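Student:
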Amino acid sequence: MTQTPSSPPSQPTGPAEGPRLLYLIPDGFPTHRPDVTVLFGQELPRHGISTDLVAQQAPNSDLNAGWGAGRLDLAPRCGSAVRNQVTSFFHDLRRLWRARPGDYAAIQVRDKAFAGLFGLMRARMLGVPFFYWASFPICESFVAIARQQGLRLGLLRWAFLTLKGHIGKRLLYRWLMPRCNHVFVQSDRMKEELVARGIRPDRLTPVPMGVDLDRATRRTEVRIDASRLASRRVIGYLGTLERARRIDFLFEVVAELRKTIPDICLLLVGDAEEAEDRRFLVERAAEIGVTDCIVHTGWVPSDAAWAWMRRAEIGLSLFPRGELLDSASPTKVVEYLALGIPVVGNDQPDQQQVLRDSGAGLSVPMEVGGFAEAISSILASPERAAAMAKAGPPFVRAHRTYAGLGRELAVVYHRLLGTSLAVPGFGDTGLGRPTRAGGVSTVVGPNTLSAASLGPSTLSAPSVIGPCTVAAASVTPTANTHTTTTRVQVGPHSARG
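First residue of the sequence shown? That's 1 in the UniProt record's numbering, and the numbers climb one at a time after it.
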């Protein structure tokens, strides 16, 4: 087994003032998750919140990769999946222990029940709030993987996942979450599920997935070899190809479409982490007889991924219904809309609402006939496809940009921490876009982000973040006549659970 040496913590490069979070995440770094890289790495620092990130080194990663929002502390990567998780856990414990009074305004852990337990204890010792970020029913997923794959995983890994899943569920829902100062969840559906488990609704804030709209719509010079797509009707899927997503269902849909659209082509942009999942897809494509209809890019950088997807006439989104994915907030649907691509997705709650409210696609049950019919209807009507494509970007700009989500999330953090909110510029696009410079963002109800009027200008936007109360506000103009920085003083936090 090989082990990559850990990288020393990077020096902070984020804001010099304002609250600083210590944030432990389960993902390898650099991470492809935009709710980490964009939300915490770019947007929150604009509102005075910096983040020291604790993660594990990603496979084949650059040890010099930076984190612009604060310090970066990476655990070494080992040759075994179980050893990786054990190494990461003890690295988290060491990092928590090194935190000293005054270093952080709060400690936050993402999708790690056991590390969350120690994070909570350390936060109580330091007298700071503890937050948990639940992006996925992670403990349920461990149990599901162990149940579905059984001893094919190997006895040690099967036992590890089974115990981690069952014990983690009890720890997370019965002990950890009820004692958190706040829990950030992925969707309204996840909030409803946690309320049903007895978690207080006023301590739950849904933060859906968004997109960096400016970057998604920026036409960068990315060279791709799309010759395999020439003269074909291309439908595309962007994202993970892990077995749980049922990508082989799309192979069945393509086989059905091929009966009436001989030049149909399925573009897959992404890959599976597990080699076994990749082998499964290759075998299923051959079994169904659609190998020649599939173009697979593998993992590519996001700019290249978007360049590939712009070659597709329709974007496809699959989130099989069930306890693992019903509470998800699909990123790919929002990305398709930002790119101006009509969408066909199944009836998963969040993406069904997005497609219904935006008018930029169709949501149908996950059945081969229904999916094929929805795709065919869009391909057969250029006018309908154009209308859907046109509807996507304005919806994203109004509801799902990370600029807007970051602005609203900053209000929540500053309210929880009792600190001042800096709202720079108001030149940003997205949620909370004003008509004129100036104003202050404040929350006047449980689900509405609006503006406290300061002179002639106002700021208003629908909230998708959650409840928050602002106690006082002041505006300090900068020397730049085109920019106003607003600071909002929000209520104090309580360090007790």
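All C-beta atoms, glycine included, are put in the ideal place defined by N, C-alpha and C.
Quantities reported herein were computed from a predicted structural model and do not represent experimental measurements.
Does Thr419 come out as helix, strand or coil in the three-state DSSP assignment?
Tutor: DSSP places Thr419 in coil when its eight states are reduced to three.
Student: Let's test the definition: count the other Cβ atoms within 10 Å of the Cβ of Lys332 and tell me whether it reaches 16, buried, or not, exposed.
Tutor: So Lys332 ends up on the buried side.
Student: Looking at the secondary structure, which residues open and close the beta strand (DSSP E) in which Asn346 lies?
Tutor: Element bounds for Asn346: Val343 to Asn346.
Student: For Phe90, count neighbouring Cβ atoms within 10 angstroms of its own Cβ and tell me buried if that reaches 16, exposed if not.
Tutor: Phe90 should be labelled exposed.
Student: In angstroms with no decimal places, state the Cα-to-Cα distance between Ala78 and Leu241.
Tutor: Here the sequence assigns Cys to residue 78, which means Ala is not the residue at that position. Going by the C-alpha atoms only, they are around 24 Å apart.
Student: Which one or two residues does DSSP pair with Thr401 in a beta bridge?
Tutor: For Thr401, which the question treats as bridged, DSSP gives the partners Val211.
Student: Taking Val185 as the reference, which of His414, Met121 and Leu409 has the closest Cα?
Tutor: Here the closest residue by C-alpha is Leu409.
Student: Gly165 to Tyr132, Cα distance in whole Å?
Tutor: Going by the C-alpha atoms only, they are around 17 Å apart.
Student: Could you say if the stretch 210 to 224 and the stretch 182 to 199 meet the contact criterion of at least three C-beta pairs nearer than 8 Å?
Tutor: As far as the Cβ criterion goes, the stretch 210 to 224 does not touch the stretch 182 to 199, which means the pair count is below three.
Student: List, from N- to C-terminal side, the beta strand (DSSP E) runs of 3 residues or more that fit wholly inside the stretch 68 to 138.
Tutor: Within the stretch 68 to 138, the complete beta strand (DSSP E) runs of at least 3 residues are 72 to 75, 106 to 110 and 130 to 134.
Student: Of the choices Arg384, Asp202, Leu337 and Glu274, whose alpha-carbon is the least far from that of Gly392?
Tutor: If we check each option's Cα against that of Gly392, Leu337 comes out closest.
Student: On a CA-only basis, which of Asp103, Asp248 and Ile25 is nearest Arg284? Give me that one, please.
Tutor: Checked all of Asp103, Asp248 and Ile25; the closest Cα to Arg284 is Asp248.
Student: Just to confirm my understanding: we take Ala372, look at its own chain, exclude 5 residues before and 5 after, and list those with CB closer than 7 Å. What are they?
Tutor: These residues qualify, in order along the chain: Val253, Glu256 and Leu257.
Student: Note the first and the last residue of the continuous beta strand (DSSP E) segment covering Ala183.
Tutor: Correcting the residue identity first, residue 183 is Val in this sequence and not Ala. Looking at the DSSP string, the run of the beta strand (DSSP E) that includes Val183 is His182 to Val185.
Student: Tell me whether Ala55 sits in a helix, a strand or coil according to DSSP, three-state version.
Tutor: Three-state result, Ala55: strand.
Student: Go ahead and pull the three-state DSSP assignment for residue 500.
Tutor: Examination of residue 500 is not possible in this model, given that the chain is present from 1 through 497 alone.
Student: Measuring CB to CB, does Asn114 end up less than 8 Å from Leu171?
Tutor: First, the amino acid is wrong: residue 114 is Phe here, not Asn. The answer is yes: Cβ separation under 8 Å.
Student: First and last residue of the beta strand (DSSP E) that includes Asp27?
Tutor: Here the beta strand (DSSP E) through Asp27 covers Arg20 to Phe29.
Student: List in chain order: all unbroken alpha helix (DSSP H) runs of 4+ residues lying wholly within the stretch 243 to 286.
Tutor: The qualifying runs are 248 to 257.
Student: At which residue ranges does the stretch 163 to 206 contain complete alpha helix (DSSP H) runs of 4 or more residues, listed in the order of the chain?
Tutor: Runs of the alpha helix (DSSP H) inside the stretch 163 to 206: 188 to 196.
Student: With three or more beta-carbon pairs closer than 8 Å as the criterion, would you say the stretch 186 to 193 touches the stretch 343 to 353?
Tutor: Contact between the stretch 186 to 193 and the stretch 343 to 353 is present, because at least three Cβ pairs lie under 8 Å.
Student: Can you look up Thr297 in the DSSP assignment and give me helix, strand or coil?
Tutor: Strand.
Student: Taking the alpha-carbon of Met309 as reference, which of Gly289, Cys180, Tyr237 and Lys390 has the nearest alpha-carbon?
Tutor: Ranking Gly289, Cys180, Tyr237 and Lys390 by Cα distance to Met309 puts Tyr237 first.
Student: Could you name the residues of the same chain whose beta carbon sits closer than 8 Å to that of Met366, not counting the 5 residues immediately before and after it, in chain order?
Tutor: Contacts found: Arg246, Phe249, Leu318, Pro320, Arg321, Asn346 and Asp347.
Student: Counting along the chain, where does the beta strand (DSSP E) carrying Ile224 start and finish?
Tutor: Looking at the DSSP string, Ile224 is not in any beta strand (DSSP E), and its letter there is neither H nor E.
Student: Going by other Cβ atoms of all chains shown within 10 Å of its Cβ, with 16 needed for buried, is Gly18 buried or exposed?
Tutor: So Gly18 counts as buried.
Student: Can you give me the start and stop residues for the beta strand (DSSP E) that Leu316 sits inside?
Tutor: Start and end: Ile314 to Ser317.
Student: Go through its chain and collect everything with a Cβ distance to Lys169's Cβ below 6 Å, but skip five positions before and after it.
Tutor: Cβ neighbours of Lys169 beyond the five flanking positions: Cys139.
Student: Taking the beta carbon of Pro59 as the centre, do at least 16 other beta carbons fall within 10 Å, making it buried, or is it exposed?
Tutor: Burial call: exposed.
Student: Do Arg157 and Ala81 have their C-beta atoms closer together than 8 Å?
Tutor: The answer is yes: Cβ separation under 8 Å.
Student: Rounded to whole angstroms, what's the CA-CA distance from Leu325 to Ile288? Just pull it up for me.
Tutor: Cα to Cα, the separation comes out at about 26 Å.
Student: Are the CB atoms of Phe130 and Ile107 within a distance shorter than 8 Å?
Tutor: In contact: Ile107 and Phe130 (Cβ atoms closer than 8 Å).
Student: Do Val234 and Glu335 have their beta-carbon atoms positioned less than 8 Å apart in this structure?
Tutor: For Glu335 and Val234, no; Cβs fall outside 8 Å.
Student: Give a yes or no on contact between the stretch 264 to 274 and the stretch 286 to 300, applying the rule of three or more CB pairs nearer than 8 Å.
Tutor: The stretch 264 to 274 vs the stretch 286 to 300: in contact.
Student: Once DSSP output is grouped into helix, strand and coil, what is the label at Ser327?
Tutor: Correct three-state label for Ser327: coil.
Student: State yes or no: is the C-beta of Ala69 within less than 8 Å of the C-beta of Gly41?
Tutor: Contact flag set, yes.
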